[in-house]
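S.K.: After the structure tokens below, expect a handful of questions from me.
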Amino acid sequence: MKIRDKGFFVTMGVCILAVGAVAAVSLSYVFPREDDTVPPVTSTTAPTTTTTAAQQVQTPVTNVPDLRTTTTTTTTAAVTTTAPPMADLYVLPLTNEVKKAFSKGELVFSETMQDWRIHNGTDFAGKAGAEVKAAANGTVKAIFEDTLWGHTVEIDHGFGIVSRYCGVSARNIQVGDTVKAGDPIGILTAVPCEEADGAHLHLEILSSDKPLDPVAVIGLEVRQ
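Going by the numbering used here, the sequence shown opens with residue 133, and the numbers climb by one from there.
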């Protein structure tokens with residue numbers, strides 16, 4: 133064999149080896165060996181995202197009133213207090229005989245005191261020991277004995293009206309008791325500063341401490 137023929141075969145061998153090496157590398161990518169490292173599997177789980185307070189979505193609240201346009205109004209029911217006519221409230225506490233009338237500001241001579249003075253009440257004739265009645269519904273305000281006016285009972289009728297019974301000794305009542313018009317409140321005794329006028333009830337009716345004419349307040353027929 134000639135030398136040049138040997139060169140030909142050497143060249144062919146080198147080419148065959150080169151082709152084989154390229155094929156081997158290509159097959160290693162298609163069919164990996166057991167000892168090759170397997171690429172990591174990508175997870176299908178959604179990534180966890182940390183949301184800050186500023187990123188949180190706030191759900192709007194729709195049931196809160198708009199204080200900028202809403203006005204709160206408090207309505208208080210009007211309370212009307214109407215006092216019944218006095219003539220419908222009062223009854224005569226003793227007899228209908230007037231011994232001394234209400235003076236209406238003018239001075240009246242006192243036989244007992246021997247002087248001239250204002251008579252702030254009405255004197256109703258009666259007998260010692262006679263039953264005296266409440267002139268109207270009310271609450272017993274006071275029971276006391278006065279040097280000039282003797283045993284005295286006061287009844288509060290509300291609306292600023294108070295009746296005062298001078299010369300009456302209280303029976304079966306005490307301060308704070310509720311009485312009705314015509315209820316017995318005591319017995320007739322004496323009025324020291326009017327003793328010369330005989331047995332009688334000195335009745336005063338006051339409105340906010342201002343004396344009123346008892347006969348006009350009671351509004352019933354009396355004999356004068």
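Think of the CB as a built atom: it goes at the ideal place given N, C-alpha and C, for glycine as much as any other residue. From a predicted model like this one, the values you see are computed outputs, not experimental measurements.
Determine the direct distance from the alpha carbon of A302 to that of V311, and round the result to whole angstroms.
M.R.: Here residue 311 refers to the residue found at position 179 when the sequence shown is read from its first residue. Here residue 302 refers to the residue found at position 170 when the sequence shown is read from its first residue. Distance between the alpha carbons of V311 and A302: 13 Å.
S.K.: Only counting the same chain, and skipping five residues up and downstream in sequence, which positions put a Cβ closer than 6 Å to that of P346?
M.R.: Within the sequence shown, the letter at position 214 stands for residue 346. So the qualifying residues of the chain are T254, L335 and I337.
S.K.: How close, in whole Å, do the beta carbons of A313 and S295 come, if the pair is a contact with beta carbons under 8 Å?
M.R.: In the sequence shown, counting from the first residue as 1, residue 313 sits at position 181. In the sequence shown, counting from the first residue as 1, residue 295 sits at position 163. Rounded, the Cβ-Cβ distance is 10 Å, inconsistent with contact.
S.K.: Less than 8 Å between the CB atoms is what I'm expecting for L320 and G261, so what's the real figure, rounded?
M.R.: Mapped onto the sequence shown, residue 320 falls at position 188. Mapped onto the sequence shown, residue 261 falls at position 129. Confirmed, about 6 Å.
S.K.: Could you have a look at N228 and say whether DSSP puts it in helix, strand or coil?
M.R.: Taking the first residue of the sequence shown as position 1, residue 228 is located at position 96. N228: coil per DSSP, three-state reduction.
S.K.: Taking only the alpha-carbon atoms, compute the straight-line gap between S339 and V272 and give it to the nearest angstrom.
M.R.: In the sequence shown, counting from the first residue as 1, residue 339 sits at position 207. In the sequence shown, counting from the first residue as 1, residue 272 sits at position 140. For S339 and V272, the distance between alpha carbons rounds to 16 Å.
S.K.: Under a Cβ-count criterion, where at least 16 other Cβ atoms within 10 Å of its own Cβ denotes burial, should E326 be classed as buried or exposed?
M.R.: Position 194 of the sequence shown, counted from the start, is the residue given in the question as residue 326. Flag for E326 reads buried.
S.K.: Considering Cα atoms alone, identify which of F291, K259, N252 and N269 is closest to W281.
M.R.: Translated into the one-based positions of the sequence shown, residue 281 becomes position 149. For the residues F291, K259, N252 and N269, the minimum Cα distance to W281 belongs to N252.
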